[in-house]
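Visitor:
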């Protein structure tokens, strides 16, 4: 525990059995069940993997992820790894460091779990180059970030796409008529 900054720091050899409330949790290693009303930062001041028994994010909480390359999870970008379930809420904050600029096709699995429920209510993602945008992808067992080309879809576009079957969208295969 870092009393000066009010942050519980986890080292690779430490085991924290439970954290609750708004005390920030940061570092690499293992911890028990975490109910987050503050901030969870895998890797803390560097890149790392924080393994938790389970995780519940409360409104107003945040998970902070650092990216320095798209090659190896836990070595080139932070990962929140859950042995059990994840109930998501709050904000996903992502930063790049060491001059890293994500490019088209870069993918980051930033959270793994046995069973995910909920979504991050908000995301703060780093700026990308022209024509690129972030996709936050949720599956039952992961949360991934993907850098892709094109025009970012709005919430309405995503909703409309989800309720329209593929046959009805076939006329939209080239929506900007650029060939």
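Numbering (my numbering), first residue to last: 1 to 179. Note that beta-carbon positions come from the ideal geometry of N, C-alpha and C, so glycine has one too.
Can you name, in chain order, every residue of its own chain whose Cβ lies under 8 Å from the Cβ of residue 107, other than the five neighbours on each side?
Guide: Excluding positions up to five away in sequence, the list reads 70, 144, 145, 146, 147.
Visitor: Please state whether the Cβ-Cβ distance between residue 82 and residue 120 is less than 8 Å.
Guide: no
Visitor: Identify every run of the beta strand (DSSP E) within the region 75-137, keeping only runs that are complete inside it and at least 3 residues long; order them along the chain.
Guide: 79-82, 85-88, 91-96, 107-112, 115-118, 122-124
Visitor: How do the region 121-135 and the region 35-50 stand: do at least 3 beta-carbon pairs fall below 8 Å, yes or no?
Guide: no
Visitor: Per DSSP, what are the beta-bridge partners of residue 57 in this structure?
Guide: 36
Visitor: Using three-state DSSP, classify residue 142 as helix, strand or coil.
Guide: strand
Visitor: Report buried or exposed for residue 72, applying the criterion of at least 16 other Cβ atoms within 10 angstroms of its Cβ.
Guide: exposed
Visitor: Any idea what DSSP makes of residue 147, helix, strand or coil?
Guide: strand
Visitor: Could you name the residues of the same chain whose beta carbon sits closer than 7 Å to that of residue 126, not counting the 5 residues immediately before and after it, in chain order?
Guide: 94, 95, 96
Visitor: For residue 62, which of helix, strand or coil comes out of DSSP?
Guide: strand
Visitor: Of the choices 31, 36, 60, whose alpha-carbon is the least far from that of residue 49?
Guide: 31
Visitor: Are the C-beta of residue 129 and some C-beta of chain C separated by less than 8 Å?
Guide: Of the chains in the structure shown, none is chain C; there is only one protein chain.
Visitor: In three-state DSSP terms, what is residue 27?
Guide: Note: residue 27 maps to strand in three-state DSSP.
Visitor: Can you give me the C-alpha to C-alpha distance between residue 21 and residue 38, rounded to a whole angstrom?
Guide: Low local confidence applies: a pLDDT of 46 at residue 21 is under 50, so the model's placement there is unreliable, with the coordinate-based value given in what follows. C-alpha separation (whole angstroms): 7 Å.
Visitor: Residue 130: which of 150, 136, 140, 139 sits nearest, CA to CA?
Guide: 150
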